[in-house]
Amino acid sequence: MARTIAVLGSTGQQGGAVARACLKDGWKVRGLTRNTSGKGAQTLAGEGAEMVSADIDDLDSLVKAFEGVQAVFCLTNFWELLFSGKSADEADKAEANQAYNVALAASKTPTLEHYLMSTLPNATELTKGERRVPHMDYKSGVDERIKKELPNLASKTTFIWMGWYSSNMANMFFCRPMEVPQTGKYLWTQPSRADALLPVSGNVTTNLGRFAVAVLAHPDKTRGMYVDVRTNLMTFTDILKVWSEVTGKEAVYMPIAPEAFNKLYGPAGVEMSMQYQSGELWGDWERLKGDAMVQPGDIGISKDQLVDLRGDLEILKAKLL
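Per UniProt numbering, the very first residue in the sequence shown carries number 1; after that it's consecutive.
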C-alpha cells in the first residue's frame, strides 16, 4: 500500500519538486494549497496528486490536512511575505510562526514517520556573532525550537538546507548580469567579494526532488540529521565564468557596496546583502553541523544524478540575456 506525504508549497518550486519526485517514486501526494482551483493546483492534480485546501496560519486546518500521512514536507517562504509588503522583520516573524505552526500540526499526527523541513543554517552562529542574516537565523531558530519543545518530532525530522538557486541569474531581478550599453558585454554587480564562496543548489526541481526521495528511502540515516542540497561551492568569479561560457557573452564581476545595493533594491536587497556579507566569513556552511551532515553518497545519490550550475544555466539559456 502506497504511503502518503503531505507537501506544503506544492504549487511552487520547492514543493512542486518534492511532490513530483514522490509521485514518480510511488508515494501518494497530498498537496496543500490555499486555492485548489488554481492553475498550479489543477496541473498537479492532473499528475496524480490529491489537492487539499489548507491555511498555513490555521493550526486546525493543518492538523486536518495531515490526517493519516506518513510524511510531511514543510516549506515556508520569507520572500513571498517580504514581497507582499511586509517589512523584513514582519516577514521573518511571520515565517517563523508559520514554520512552527506546521511543526506543531505534524507533532499531532499519530501516523507520521518522517518530517522534512526546508530550512537554513544560522548565520550568526556561522560568523561567531559578527554578522546576522534574519531570514536564515529565524529559520534555524525554528529548528532549535522544535528540538526543545517537540523532541519526538525532532527525532523524525530531516533538516534540508537549500543553497543559492542558479535560476536566480534568470529570474531574480537583482541577481541578473546587466548588459553594458554599446559594448555587447555584461556586468554582474553583487554586494560581495569576488572570491567569496556560494553554496549553489543547481536545478532545484531535479535536485531537491531527488534528495527528498533519497531522504525518505533512508530514514535510519536521515532522521535527526541535516542534508545540504548542493552541487557546487563556487566563488562569484567562477559562477560568472560559467554564465559567460553558457551565454557566449563576455562579462565582468564588480563588487558593489552593500549600501548602494540596498538603496537600489530596497528590503530584498538588504536581506541579500546581509547574506552575502555573512557568506564572506563562513566559507563552507556544512562545517557548522559536522558529523550531523548527511552526504549525498550516504543515501545513494551520485554527482551524475544531479543538475549543477552549468547544467541548469544551459536549461535556462534562453532566459539569461
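All C-beta atoms, glycine included, are put in the ideal place defined by N, C-alpha and C.
According to DSSP, residues forming a beta bridge with residue i
i           : result
residue 8   : DSSP lists no partner for residue 8.
residue 30  : 6, 50
residue 160 : 118, 227
residue 190 : 255
residue 74  : 117
Closest Cα partner of residue i within the set the options
i           : options           : result
residue 269 : 295, 128, 83, 183 : 83
residue 20  : 3, 6, 44          : 44
residue 307 : 110, 127, 205, 59 : 205
residue 58  : 245, 32, 48       : 32
residue 296 : 114, 208, 195, 30 : 208
residue 253 : 197, 46, 189      : 189
residue 214 : 27, 8, 258        : 27
residue 310 : 34, 272, 203      : 203
residue 250 : 286, 94, 90, 321  : 321
residue 17  : 73, 60, 63        : 73
residue 13  : 25, 38, 66, 75    : 75
residue 46  : 53, 55, 29        : 29
residue 239 : 216, 220, 193     : 193
Euclidean distance between Cα positions of residue i and residue j
i           : j           : result
residue 175 : residue 191 : 10 Å
residue 218 : residue 123 : 28 Å
residue 184 : residue 279 : 31 Å
residue 23  : residue 130 : 43 Å
residue 289 : residue 86  : 32 Å
residue 318 : residue 112 : 42 Å
residue 138 : residue 101 : 14 Å
residue 36  : residue 62  : 15 Å
residue 140 : residue 98  : 13 Å
residue 267 : residue 315 : 30 Å
residue 15  : residue 196 : 29 Å
Beta-carbon spacing of residue i, residue j below 8 Å
i           : j           : result
residue 160 : residue 229 : yes
residue 5   : residue 103 : no
residue 222 : residue 294 : yes
residue 155 : residue 248 : no
residue 275 : residue 169 : no
residue 119 : residue 282 : no
residue 134 : residue 271 : yes
residue 94  : residue 142 : no
With three or more C-beta pairs closer than 8 Å as the rule, is the segment 230-245 touching the segment 162-177? yes
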